[in-house]
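A.B. asks: Numbering (full-length UniProt numbering), first residue to last: 1 to 252. All residues carry an ideal CB built from backbone N, CA and C; glycine is no exception. Input: one structure, supplied below.
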């Protein structure tokens with residue numbers, strides 16, 4: 001084999017190897033692209049599944065609250081109304097009048113509670129109004145002193161998002177009353193240019209945030225609700241220095 005023929009063979013071999021390398025590279029790139037696409041689809045499917053589960057759980061809770069609201073209003077409310085009427089008709093002087101007034105106050109608070117947990121009632125009014133009424137209700141109960149402030153120019157937001165935001169704040173306030181031993185609560189609602197920021201802060205006993213977050217105690221419901229509307233929520237607490245809820249909802 002002469003020199004020129006040998007060079008030609010070597011050139012052909014190198015060309016074939018080069019083409020094989022290109023084919024392998026293209027096939028590998030297609031494989032990786034397809035693999036990444038399948039992974040993304042799997043992650044999105046898992047997110048959709050988790051979101052569907054969370055929505056179902058929240059719908060069940062809302063339906064349960066709706067039924068409790070009806071029971072409070074229709075059954076227990078009627079019983080208290082009847083007791084108030086009977087107390088007013090009994091001749092007992094000022095003492096019976098005080099009993100009637102106490103029953104009347106309890107009836108009014110029962111109706112306010114019934115309205116605050118009924119999704120239909122909340123959906124019929126703005127988030128601002130719902131929060132104002134909730135703060136006023138807690139002040140009437142005199143378990144703690146609640147302060148409310150509204151900052152910025154309010155804008156209309158999605159009605160379902162309003163319910164979710166209200167439930168998050170409502171759950172935080174309820175936990176404050178049950179566990180914090182707080183004397184004061186401050187709720188701030190701030191409409192910014194691109195987001196709605198809600199901050200609730202109590203002066204209670206507080207807790208170890210890292211331990212609670214690590215164990216997942218008491219935060220799962222709030223996190224699930226926030227994720228449904230793409231909101232960011234954070235709870236900070238220091239033992240002896242109170243607890244703060246910071247909730248940010250993006251405004252499109």
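1) Look at residue 144 and residue 189 and say whether their C-beta atoms are less than 8 Å apart.
2) So, is residue 242 buried or exposed, given that buried needs 16 or more other C-beta atoms within 10 angstroms?
3) Quick one: Cα of residue 236 to Cα of residue 248, how far?
4) Three-state secondary structure (DSSP) at residue 125?
5) CB residue 208 to CB residue 176, shorter than 8 Å?
6) Could you pull out every unbroken beta strand (DSSP E) segment of at least 3 residues lying fully inside the region 182 to 208, listed in chain order?
7) Using C-beta distances below 8 Å, list every residue in its chain close to residue 184, excluding the 5 sequence neighbours before and after it, in chain order.
8) What does the Cβ neighbour count give for residue 166, buried or exposed, with the cut at 16 atoms within 10 Å?
9) I need the boundaries of the beta strand (DSSP E) containing residue 236, first residue and last residue.
10) Determine the burial state of residue 152: buried for a count of at least 16 other Cβ atoms within 10 Å of its Cβ, exposed for fewer.
11) Relative to the C-alpha of residue 206, which candidate in 24, 180, 8, 104 has its C-alpha closest?
12) What is the DSSP secondary structure of residue 241, counted as helix, strand or coil?
13) From what residue to what residue does the beta strand (DSSP E) around residue 145 run?
14) Starting from residue 158, trace the alpha helix (DSSP H) both ways and give me its first and last residue.
15) Let me confirm a value: residue 163 is counted as buried when at least 16 other C-beta atoms fall within 10 Å, else exposed. Which label applies?
16) Can you tell which of 230, 16, 17 has the C-alpha that lies nearest to the C-alpha of residue 195?
17) Assign residue 248 to one of three DSSP states: helix, strand, or coil.
18) Who are the near neighbours of residue 239 in its chain, counting only those whose CB is closer than 8 Å to its CB and skipping five residues on each side?
19) Could you check the C-alpha separation between residue 21 and residue 233 for me, to the nearest Å?
20) Mind checking residue 18: buried by the 16 CB within 10 Å criterion, or exposed?
21) Measuring alpha carbon to alpha carbon, tell me which of 39, 125, 155, 171 ends up nearest residue 220.
C.D. replies: So, from the data block:
1) no
2) So residue 242 ends up on the buried side.
3) 14 Å
4) If DSSP states are grouped into helix, strand and coil, residue 125 belongs with coil.
5) no
6) 184 to 191, 195 to 202
7) 144, 145, 146, 147, 202, 203
8) buried
9) In the DSSP annotation of this structure, the continuous segment of the beta strand (DSSP E) that includes residue 236 starts and ends at 232 to 237.
10) exposed
11) By alpha-carbon distance to residue 206, the top candidate from 24, 180, 8, 104 is 180.
12) Reduced to three states, the DSSP call for residue 241 is coil.
13) 145 to 151
14) No alpha helix (DSSP H) holds residue 158; DSSP gives it neither H nor E.
15) Classification of residue 163: buried, given that the 10 Å Cβ count is 16 or more.
16) 230
17) strand
18) Only 205, 206, 207, 208 meet the Cβ criterion.
19) 51 Å
20) exposed
21) Here the closest residue by C-alpha is 171.
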